[in-house]
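Residue numbers for the sequence shown follow the numbering used here, beginning at 9 and rising by one.
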Amino acid sequence: MPDRVYLDWNATAPLRPEARAAMLEAMDLLGNPSSVHAEGRAAKALVERARLQVADLVGCDRDAVAFTSGATEAAMLALKDMACASAAVEHPCVTAWTDDAVLRVDRDGRIEDVGGASTRQVANSETGVLQSANPPVVFEDAVQAVGKTPYRFADRRAASAAVSAHKLGGPKGVGALILRPGHDIEMKWPGGGQEQGRRSGTENVVGIAGFGAAAAAAQRDLEAGVWEGVARLRDQLEDRLGAVAPELILFGERAPRLPNTSSFAIPGWKGETQVMLIDLAGFAVSAGSACSSGKVKTSRVLLAMGFDEETAGSALRVSIGPTTTEAEITAFADAWSDAYRRWRARKSAA
9 MPDRVYLDWN ATAPLRPEAR AAMLEAMDLL GNPSSVHAEG RAAKALVERA
59 RLQVADLVGC DRDAVAFTSG ATEAAMLALK DMACASAAVE HPCVTAWTDD
109 AVLRVDRDGR IEDVGGASTR QVANSETGVL QSANPPVVFE DAVQAVGKTP
159 YRFADRRAAS AAVSAHKLGG PKGVGALILR PGHDIEMKWP GGGQEQGRRS
209 GTENVVGIAG FGAAAAAAQR DLEAGVWEGV ARLRDQLEDR LGAVAPELIL
259 FGERAPRLPN TSSFAIPGWK GETQVMLIDL AGFAVSAGSA CSSGKVKTSR
309 VLLAMGFDEE TAGSALRVSI GPTTTEAEIT AFADAWSDAY RRWRARKSAA
């Protein structure tokens with residue numbers, strides 16, 4: 009087993025070999041994809057190949073895909089200057105443009121009363137909870153779902169959606185806005201009118217190439233049933249931790265969840281403390297979403313689900329992927345269990 013074990017896939021997934029190879033190939037291309045000469049056409053062809061690869065994974069027409077710098081920009085392009093509602097469990101890049109905390113959330117993290125002029129999160133990054141309804145909405149955050157679960161935008165009832173490359177094994181700093189035919193957006197800043205007039209700026213050819221290759225590889229994994237094996241490992245982990253700590257709270261356990269995500273807490277044992285202890289033991293995990301630039305904050309997602317400050321501040325998230333092994337899961341469970349027993353002993357002594 010390696011010296012370090014990475015169990016924070018929801019923050020960013022390891023770069024896929026296919027994405028790395030595609031990016032290295034793209035680095036050798038000279039042209040600007042907006043140029044009409046041979047070099048420019050070669051770069052344009054690479055971008056269009058990636059557009060088709062992303063469209064195939066997301067289940068939409070290739071013209072529906074507009075490449076962006078990531079899901080945060082995609083959300084801004086879709087939602088800026090629009091009046092719509094969201095829930096407190098949504099990602100900050102969504103709630104920044106909406107009236108958040110308006111839509112109710114139940115104890116398992118499922119959003120109630122979604123529809124019409126509102127946003128919808130397909131899968132929560134902290135708890136892995138999947139939203140089961142498919143109402144008509146203005147915007148859908150599909151970042152965590154795409155590549156881990158079957159998703160077809162054409163079958164959804166959303167006007168737009170966001171996806172991100174680095175959540176499915178592509179590079180950081182590139183994503184896409186998906187738009188339903190007949191629903192378009194106003195360009196938010198002037199420029200060259202790239203991406204069919206939706207997003208000005210020379211395309212990130214290297215990043216887009218990596219995104220496309222990662223999307224194609226993710227599609228193959230889904231078709232091969234790889235994530236079913238990931239779900240079995242996740243369940244094994246939860247069984248082991250629950251056997252050691254009977255007071256363990258498993259967030260969203262009664263709701264459908266992503267196959268790779270486990271979020272849990274021992275009330276009173278701070279999540280930040282656990283992250284540091286586990287990091288020293290050689291494991292990378294998280295106390296929640298990685299959206300706050302290195303800060304560890306009490307989860308507003310868990311607060312919205314009705315948990316108190318102490319419980320929400322005690323959360324730990326483990327998120328795994330196709331290359332995670334049973335040996336790594338066992339080693340993490342043993343390390344966490346040892347730390348838990350020490351914490352219990354100190355608490356009892358006090």
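We put the CB at the ideal spot given by N, CA and C, even for glycine.
At a cut-off of 4 residues, the continuous stretches assigned as alpha helix (DSSP H) that sit fully inside the stretch 246-328 are 279-288, 308-312 and 317-320.
Rounded to the nearest whole angstrom, the C-alpha separation of K278 and E318 is 8 Å. Judged by DSSP in its simplified three-state form, R354 adopts helix. When the five nearest sequence neighbours on each side are left out, the beta carbons in the same chain lying within less than 6 Å of the beta carbon of G178 are those of A27, G218, F219 and A222, in order along the chain. Here A79 carries a helix assignment [DSSP, helix/strand/coil]. Judged by pairs of C-beta atoms under 8 Å, the stretch 262-277 touches the stretch 240-251, as three or more such pairs exist. By the CB criterion at 8 Å, A153 and V182 fall outside the cutoff. By alpha-carbon distance to D71, the top candidate from Q204, S42 and V326 is Q204. Around the beta carbon of G78, 16 or more other beta carbons sit within 10 angstroms, so the residue counts as buried. For D316, the closest of R349, I274 and S327 by C-alpha to C-alpha distance is I274. The alpha carbon of R262 has as its nearest neighbour, out of W351, L138 and A29, the alpha carbon of L138.
Residue environment: P41 is assigned as buried (16 or more neighbouring CB atoms within 10 Å of its CB, all protein chains considered).
Taken through DSSP and simplified to helix, strand or coil, V146 comes out as coil.
In the DSSP assignment, no residue is bridged to Y159. Residue pairing by DSSP places R128 opposite E148 in a beta bridge.
When only Cα atoms are considered, I193 and L85 end up about 7 Å apart. Cβ contact annotation for A82 (same chain, cutoff 7 Å, sequence separation greater than five): T76, A170, G183, A184 and L185, in chain order.
Beta-carbon to beta-carbon, A162 and V146 are separated by about 17 Å, too far to satisfy the 8 Å threshold. E336 and A91 have their alpha carbons spaced roughly 46 Å apart. When DSSP reads this structure, D16 sits in a beta bridge with S327. A direct Cα-Cα distance of roughly 27 Å separates I119 from G250. Taking every protein chain shown into account, the CB of V55 has 16 or more other CB atoms within 10 angstroms, so this residue is buried.
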